[in-house]
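Notes for the one structure printed next.
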Amino acid sequence: FLQIPVPFLWIPVDSSAIPADSGAIPPDSCRFLQIPLDSCGFLQEWLSMVEDNKMEPSDEPELTSNTSKTSSTSKVSKLDVILEAVESLSQTDIAHIFNTTLTLSSDPMSHTTTQIIPSQSTPTHPLSIEPQTDNEILLLAALQESEACNQILLNCTIELQASNILNKAYCSKLKRHLAHQENKKKDKGKGTLVGDGLPCVLTGDAFYKAVVEFKKAKVAEERDAEMKKDVRAVYAAALKEWQEGEAAQKAEKEEMLMEYRHAVTYWEN
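The letter at position 152 of the sequence shown is residue 164 when you use the numbering used here, and the numbering goes up by one with no holes.
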């Protein structure tokens with residue numbers, strides 16, 4: 013089964029003010045509120061309605077249209093909910109995830125760019141003030157908590173930037189590998205020219221053109237193979253010459269180093 017990435021919205025909030033039955037997930041370390049976006053909210057609601065896949069229609073008479081709607085949704089299976097979710101998410105920015113066609117190296121890549129909010133410098137730092145009254149103590153504590161929250165937001169933004177950079181580099185690498193694989197499939201030989209196995213005289217114009225094109229392709233492939241072979245031979249000769257020169261330079265360097273050490277030893281004695 014395909015795992016659908018569920019986007020969430022993170023906003024700073026005081027974790028003590030979140031009700032236990034709200035459905036939100038407040039991490040204690042960051043004091044953020046995790047709220048699902050509209051693109052997947054309905055999916056969670058519908059999946060909760062058909063959790064056991066056994067919702068029975070109510071025995072009460074239908075008084076309003078909402079009752080009929082509930083009885084109709086009780087017959088919906090999880091597969092229908094998932095298909096509806098996929099269809100709805102395919103209309104958003106992440107539609108490429110649900111595309112049935114294969115991803116090509118020419119497909120554009122979208123990356124989210126996060127920007128750090130510049131901090132405003134103040135002449136006198138408010139945190140250095142010594143409180144005199146109870147209200148000043150409370151205000152200073154609230155200011156310290158706000159500063160800590162802002163620092164957490166800044167650290168999270170920097171982490172998002174770093175993850176975006178790494179993801180972009182990884183996607184670029186995968187894109188190059190995919191382009192290489194596509195080129196290999198594109199440059200693959202045409203194989204052999206054979207018929208369908210039935211006894212017939214292959215003298216038609218279409219077959220003659222196919223034979224001519226096949227021979228031209230084979231000649232071009234042989235020519236390319238010879239050129240690549242010559243290039244590899246030239247590269248191997250150049251590499252061997254470079255390795256020999258590198259070995260000679262290393263030997264000369266070792267000899268000069270030995271002479272220098274002998275000179276230093278003679279000078280010290």
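Just so it is clear, CB atoms sit at the ideal spot from N, CA and C, and this is done for glycine as well. Computed from a predicted model, the values in this text were never measured in an experiment.
Cβ-Cβ separation, residue j to residue i (assumed contact under 8 Å), whole Å
i, j, result
"LEU155", "PRO143", "Not quite, the Cβ-Cβ distance comes to about 10 Å (not below 8 Å), so this is no contact."
"SER117", "LEU190", "4 Å"
"LYS187", "MET121", "7 Å"
Distance between residue j and residue i (C-alpha atoms, nearest Å)
i, j, result
"GLU280", "MET268", "18 Å"
"THR104", "VAL93", "17 Å"
"LYS240", "ALA107", "42 Å"
"GLY216", "GLN255", "58 Å"
"GLU99", "ALA160", "42 Å"
"LEU101", "LEU114", "18 Å"
"LYS198", "VAL243", "22 Å"
"ILE177", "GLU171", "10 Å"
"THR277", "ALA263", "21 Å"
"TYR272", "GLU253", "29 Å"
"ILE149", "ALA181", "48 Å"
"ALA260", "ALA245", "23 Å"
"CYS183", "LYS196", "20 Å"
"GLU96", "GLN173", "33 Å"
"GLU234", "TYR220", "21 Å"
"ILE141", "SER158", "16 Å"
"TYR247", "ALA237", "15 Å"
"ILE30", "ASN162", "At ILE30 the pLDDT is 46, less than 50, meaning the model places this residue with poor confidence and gives no usable figure here."
"LYS265", "HIS192", "42 Å"
"ALA275", "SER175", "55 Å"
"ASN167", "MET270", "53 Å"
"VAL223", "LEU251", "42 Å"
"LYS228", "ALA218", "15 Å"
Spatially closest choice to residue i from the options, by CA coordinates
i, options, result
"GLU194", "ASP119, ALA97, VAL224 and ALA259", "ASP119"
Same chain, Cβ closer than 7 Å to residue i, neighbours up to 5 away in sequence not counted
i, result
"ALA232", "none"
"PRO39", "At PRO39, the pLDDT of 43 sits below 50, so the modelled position is not reliable and the matter cannot be decided from this model."
Close beta carbons around residue i, own chain, < 6 Å, minus the five adjacent residues each side
i, result
"LYS230", "none"
"ALA249", "none"
Beta-carbon contacts of residue i that lie in its chain and below 8 Å, excluding the five residues immediately before and after
i, result
"PHE139", "Sequence check: residue 139 is Leu here, not Phe. If we look at LEU139 and ignore the five residues flanking it on each side, its Cβ neighbours are LEU152, LEU155, GLN156 and GLU159."
"GLY257", "none"
"ASP33", "For ASP33, the pLDDT reaches just 49, beneath the cut-off of 50, and the residue's location in the model is therefore unreliable, leaving the point undetermined."
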